[in-house]
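Protein chains in written order, with the numbering used here: chain A, 62 to 320; chain B, 48 to 432.
The C-beta atom is built at its ideal place from N, Cα and C for all residues, glycine as well.
Remember, predicted model here, so these are calculated numbers, not experimental data.
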Ligand SMILES: Cc1cc2nc3c(=O)[nH]c(=O)nc-3n(C[C@H](O)[C@H](O)[C@H](O)COP(=O)(O)OP(=O)(O)OC[C@H]3O[C@@H](n4cnc5c(N)ncnc54)[C@H](O)[C@@H]3O)c2cc1C
Ligand SMILES: Cc1cc2nc3c(=O)[nH]c(=O)nc-3n(C[C@H](O)[C@H](O)[C@H](O)COP(=O)(O)OP(=O)(O)OC[C@H]3O[C@@H](n4cnc5c(N)ncnc54)[C@H](O)[C@@H]3O)c2cc1C
């Protein structure tokens, strides 16, 4: 069984850098790491291949600057290889442009299953997975908390607000994995060292047979009109206990409609 | 000379840091207070292959050298785990070196694969109450008993004896006055029927006990002799330099975490309407601590590099241990001072680093004996004892 996992490499959220006022997007010329959201998909894929007893996990990632640090983390966890799409003409890609590129790279791998996160930690439009499925003409299942492969069928427990839905679809399919549903393994010493020699195929837009005009700033149908800094958090309300603090806290939470 | 960053070392540090990230200061101060061994931490490091990193590959280990083991231990210490974390794994990481170098095949095949997976816990028993630093006075004896031996006597300060299955034990097999030539090294079982272990109440690193260990005619099979009879001291000497390098690295890690906490505190704490870090009486000692830790780390890396390349490294290993023990304790002390009264509060953790940073001035060898080595063996000054 071949599982392709889309992994986004993002600026470290602990040190997120800054917005570029010209392009109105996040500066990405810093060291990028594996998006934590994608570590669940990687773990899920490794477990599925393990259960199947054969096959491999292949990663697909699109980045601005040939960055491989995040891919190495996922390779160290146990993925066998990766496709890296990095091309100057991709700068400014919107979600659809990204999906077009990823879809082509995924198709080249002829996978049985494609996993993504439900949304990235930095862009979090949550639209790329379904766009990939549409472009590839594959079934799309979102918010998976459990996946079981039964022959050529994927049985998915799909998380909902009330509980979960049982969903089945034929393979190949694109399934987005909810964050936190599995415990991603930490790379072991041997895994980390082995990852250094695992194949990372670098692909250009041309190699994928995509017209440069369809992606990047040129192809983007999305226009970022304006960016504003998030409002500074206002000081909270301090409740001094005069015997009725609990009642006032309950009233406050009630007002927020969180109770 | 090449000072470019070593990619593997960076990756190793990152890998170990990820695991340690799950074990915060609270975990360590809790175990320290309850005098409990960090089993979960140990298991996680062992699963990742970090404990077996220096065991040869043919026995399933990582096959790396002292330079890499040093990075592992420095990173553990710097995570806030300090000596509690390091001592938990230290002896499995490198303690079996005499077995690797001098041990017979049966010893290697029986124990090294288990060290590689971290499944084997090892203690090290050299120090005796009546011998002190003068190892030539060791009196715990092994006498022949058929094809094997029986060991009788008493060791002190044996760390991790409570949790360990085996102990690398230096005992006398020659005549009582045979000095360093009458010592032999065994990898013996800590069999509760013949071994009585009593933890020594102590000031620091209380998640890992150091113990008095009484050996009451402990039977040991012949193949458990490491190397040659009468050569035990020489076999141990071989491992002393790497041991110093590793302890230096642990000390540096503690100094680094103490310093990191102090810098944060110095930026945040306002007194007289300004951050205390604006006062040079606060900032200069912090800067000095950083410089000294950096110098000690360079010395440790040089020593490790020499050892791994088969070059003599006695002077370098002793220098690194000396510098690191001083730099670490000074950094921890400055960190304590920077925290004012809060430095003494358990919740800020610098008091724990400070207590644990003090250990390396005495262990595994005192600063005085380190200076004795350099004065006599390196500079040719007359022996003082
Ligand atoms: C050259 C280049 C420059 C870029 N410049 C900027 C920029 O300056 N500012 C900016 O904000 N964004 C930039 N992007 C990122 C791009 O705009 C987003 O990747 C895209 O819009 C997806 O949006 P999202 O993160 O909201 O995806 P979501 O739909 O939230 O993502 C869901 C899941 O889809 C998968 N996925 C999404 N994107 C990728 C990817 N790139 N590779 C692999 N898997 C992925 C992941 O599994 C992800 O968790 C750039 C991208 C490239 C290639
Ligand atoms: C926390 C901890 C863990 C330990 N773990 C272990 C362990 O696992 N296994 C083990 O075998 N041992 C262990 N030890 C013991 C440790 O190695 C010894 O305590 C240390 O080597 C000092 O030996 P000593 O206690 O006998 O001191 P002594 O030899 O009694 O020395 C006392 C003081 O006199 C000084 N001194 C002695 N002779 C001279 C001289 N000629 N010149 C200058 N100064 C001199 C010493 O430097 C020291 O300051 C541990 C100790 C501690 C505190």
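### Message
With a threshold of 7 Å between beta-carbons, can residue 100 of chain B be considered close to chain A, or not?
### Response
For this step, residue 100 of chain B is matched to residue 53 along the second chain. True, the Cβ-Cβ gap to chain A drops below 7 Å.
### Query
Taking Cβ to Cβ, would you say residue 87 of chain A is nearer than 7 Å to residue 131 of chain A?
Taking the first chain and counting its residues from 1, one reaches residue 87 of chain A at position 26. Taking the first chain and counting its residues from 1, one reaches residue 131 of chain A at position 70. Contact: no.
### Message
Could you check whether the Cβ of residue 143 of chain B sits closer than 7 Å to any Cβ belonging to chain A?
### Response
Looking up residue 143 of chain B in the second chain gives position 96. No, residue 143 of chain B does not count as interfacial toward chain A.
### Message
Could you check if residue 101 of chain A belongs to the surroundings of ligand 1, using beta carbon to heavy atom distance under 6 Å?
### Response
Counted from its first residue, the first chain places residue 101 of chain A at position 40. The answer is no for residue 101 of chain A.
### Message
Is the beta carbon of residue 189 of chain A closer than 7 Å to that of residue 105 of chain A?
### Response
The residue given as residue 105 of chain A occupies position 44 in the first chain. The residue given as residue 189 of chain A occupies position 128 in the first chain. No, Cβ-Cβ distance for residue 105 of chain A and residue 189 of chain A is not below 7 Å.
### Residues that residue 118 of chain A bridges to, as DSSP identifies them
If you number the first chain from 1, residue 118 of chain A lands on position 57. In the DSSP secondary-structure assignment, residue 118 of chain A is bridged to A:64.
### Message
Looking at ligand 1, does it come within less than 6 Å of residue 206 of chain B, judged from the CB to the closest heavy atom?
### Response
For the purposes of this step, residue 206 of chain B is taken as the residue at position 159 of the second chain. Not under cutoff, so the answer is no.
### Query
Taking DSSP as the reference, what is the three-state secondary structure of residue 190 of chain A?
Here the question's residue 190 of chain A lines up with position 129 in the first chain. It is helical.
### Presumed contact (8 Å Cβ cut-off) between residue 368 of chain B and residue 311 of chain B, rounded CB distance
To locate residue 368 of chain B, count along the second chain from 1; it is residue 321. To locate residue 311 of chain B, count along the second chain from 1; it is residue 264. Rounded, the Cβ-Cβ distance is 29 Å, inconsistent with contact.
### Message
Within 7 Å of any Cβ in chain A, is that where the Cβ of residue 112 of chain B sits?
### Response
Within the second chain, numbered from 1, the residue matching residue 112 of chain B stands at position 65. Not an interface residue.
### Query
If you pair each beta-carbon of the stretch 296-307 of chain B with each one of the stretch 120-130 of chain B, do three or more pairs fall below 8 Å?
Cβ pair count under 8 Å is three or more, so yes.
### Query
Cβ of residue 186 of chain A within 6 Å of any heavy atom in ligand 4?
For ligand 4, the structure offers nothing, since it holds only ligand 1 and ligand 2.
### Message
If we define contact as Cβ-Cβ less than 7 Å, is residue 235 of chain B a contact residue for chain A?
### Response
One-based indexing of the second chain puts residue 235 of chain B at position 188. Closer than 7 Å: no.
### Query
Would a check of beta-carbon distances place residue 249 of chain A closer than 7 Å to chain B?
Counting from one through the first chain, the residue named residue 249 of chain A turns up at place 188. Yes, its Cβ sits closer than 7 Å to a Cβ of chain B.
### Nearest neighbour of residue 212 of chain A, chosen from A:165, A:301, A:233 [CA to CA]
Your numbering for residue 212 of chain A matches position 151 in the first chain. Minimum Cα distance to residue 212 of chain A is reached at A:233.
### Task
In angstroms with no decimal places, state the Cα-to-Cα distance between residue 283 of chain B and residue 145 of chain B.
Here residue 283 of chain B refers to the residue found at position 236 when the second chain is read from its first residue. Here residue 145 of chain B refers to the residue found at position 98 when the second chain is read from its first residue. Straight-line Cα distance between these residues: approximately 6 Å.
### Query
Going straight from the alpha carbon of residue 68 of chain A to that of residue 82 of chain B, what length do you get?
Position 7 of the first chain holds residue 68 of chain A. Position 35 of the second chain holds residue 82 of chain B. Cα to Cα, the separation comes out at about 43 Å.
### Message
I'd like the ranges of any alpha helix (DSSP H) spanning at least 4 consecutive residues and lying wholly in the stretch 236-293 of chain A.
### Response
Along the length of the stretch 236-293 of chain A, whole alpha helix (DSSP H) runs at least 4 residues long occupy 250-256, 277-280, reported in chain order.
#### Entry: Distance between residue 209 of chain A and residue 224 of chain A (C-alpha atoms, nearest Å)
Counting from 1 along the first chain, the entry for residue 224 of chain A is found at position 163. Counting from 1 along the first chain, the entry for residue 209 of chain A is found at position 148. When rounded, the distance between both Cα atoms is 18 Å.
### Query
Who does residue 135 of chain B pair with in a DSSP beta bridge?
In the second chain, counting from the first residue as 1, residue 135 of chain B sits at position 88. Paired residues: none, contrary to the question.
### Query
DSSP beta-bridge partners for residue 111 of chain B?
On the second chain, position 64 is the one that residue 111 of chain B refers to. Note: residue 111 of chain B sits in no beta bridge, so no partner.
### Task
Spell out whether any CB of chain E is found under 7 Å from the CB atom of residue 118 of chain B.
Included in the structure are the protein chains A and B, with no chain E among them.
### Task
Report the residues of the stretch 238-272 of chain A with a CB closer than 7 Å to any CB of chain B, ordered along the chain.
247, 248, 249, 250, 251, 253
### Task
Could you pull out every residue in the same chain whose Cβ sits closer than 7 Å to the Cβ of residue 160 of chain A, ignoring the five residues on either side in sequence?
For the purposes of this step, residue 160 of chain A is taken as residue 99 along the first chain, with counting starting at 1. Closer than 7 Å at the Cβ level, and outside the excluded window around residue 160 of chain A, lie 189, 192, 193, 196.
### Task
Spatial neighbours of residue 268 of chain B within its chain, please: CB distance less than 6 Å, with the 5 preceding and 5 following residues excluded, ordered by chain position.
In the second chain, the residue the question calls residue 268 of chain B occupies position 221. Counting only Cβ-Cβ distances below 6 Å, and skipping sequence neighbours, we find 195.
### Message
Is residue 178 of chain A near ligand 1 - that is, is its Cβ less than 6 Å away from at least one heavy atom of it?
### Response
Along the first chain, one-based indexing puts residue 178 of chain A at 117. Yes, since a heavy atom of ligand 1 falls inside the 6 Å radius drawn around the Cβ of residue 178 of chain A.
#### Entry: Amino acids of chain A, ordered along the chain, whose beta-carbon sits closer than 8 Å to that of residue 62 of chain B
The count along the second chain starts at 1 and reaches residue 62 of chain B at position 15. Neighbours of residue 62 of chain B on chain A, chain order: 137, 247, 248, 249, 250, 253.
### Task
Determine the extent of the alpha helix (DSSP H) in which residue 339 of chain B is found, giving its start and end residues.
For the purposes of this step, residue 339 of chain B is taken as the residue at position 292 of the second chain. It spans 327-355 - the alpha helix (DSSP H) in which residue 339 of chain B sits, taken as one unbroken run.
### Message
Any heavy atom of ligand 2 inside 6 Å of the beta-carbon of residue 411 of chain B?
### Response
The count along the second chain starts at 1 and reaches residue 411 of chain B at position 364. Residue 411 of chain B: yes, Cβ under 6 Å from ligand 2.
### Task
Rounded to whole angstroms, what's the CA-CA distance from residue 225 of chain B to residue 337 of chain B? Just pull it up for me.
Looking up residue 225 of chain B in the second chain gives position 178. Looking up residue 337 of chain B in the second chain gives position 290. So the two alpha carbons sit approximately 47 Å from each other.
### Task
Could you tell me which of B:419, B:426, B:265 sits nearest to residue 432 of chain B, measuring between CA atoms?
Within the second chain, the letter at position 385 stands for residue 432 of chain B. The residue with the shortest Cα to Cα distance from residue 432 of chain B is B:419.
### Task
Would you mind working out which of B:106, B:137, B:114, B:255 sits nearest residue 98 of chain B, comparing C-alpha positions?
Your numbering for residue 98 of chain B matches position 51 in the second chain. Answer by Cα proximity: B:137.
### Task
Look at residue 198 of chain B and residue 265 of chain B and say whether their C-beta atoms are less than 7 Å apart.
The count along the second chain starts at 1 and reaches residue 198 of chain B at position 151. The count along the second chain starts at 1 and reaches residue 265 of chain B at position 218. Cβ distance < 7 Å, so residue 198 of chain B and residue 265 of chain B count as in contact.
#### Entry: Contact list for residue 66 of chain B against chain A, beta-carbon separation under 9 Å
Stepping through the second chain from its first residue, residue 66 of chain B is reached at position 19. The answer, in chain order, is 247.
### Distance between residue 239 of chain B and residue 78 of chain A (C-alpha atoms, nearest Å)
The residue given as residue 78 of chain A occupies position 17 in the first chain. The residue given as residue 239 of chain B occupies position 192 in the second chain. Each residue's Cα considered, the two are about 58 Å apart.
### Query
Can you find a C-beta in chain A that's less than 7 Å from the C-beta of residue 95 of chain B?
As a position in the second chain, residue 95 of chain B is number 48, starting the count at 1. So, interface residue.
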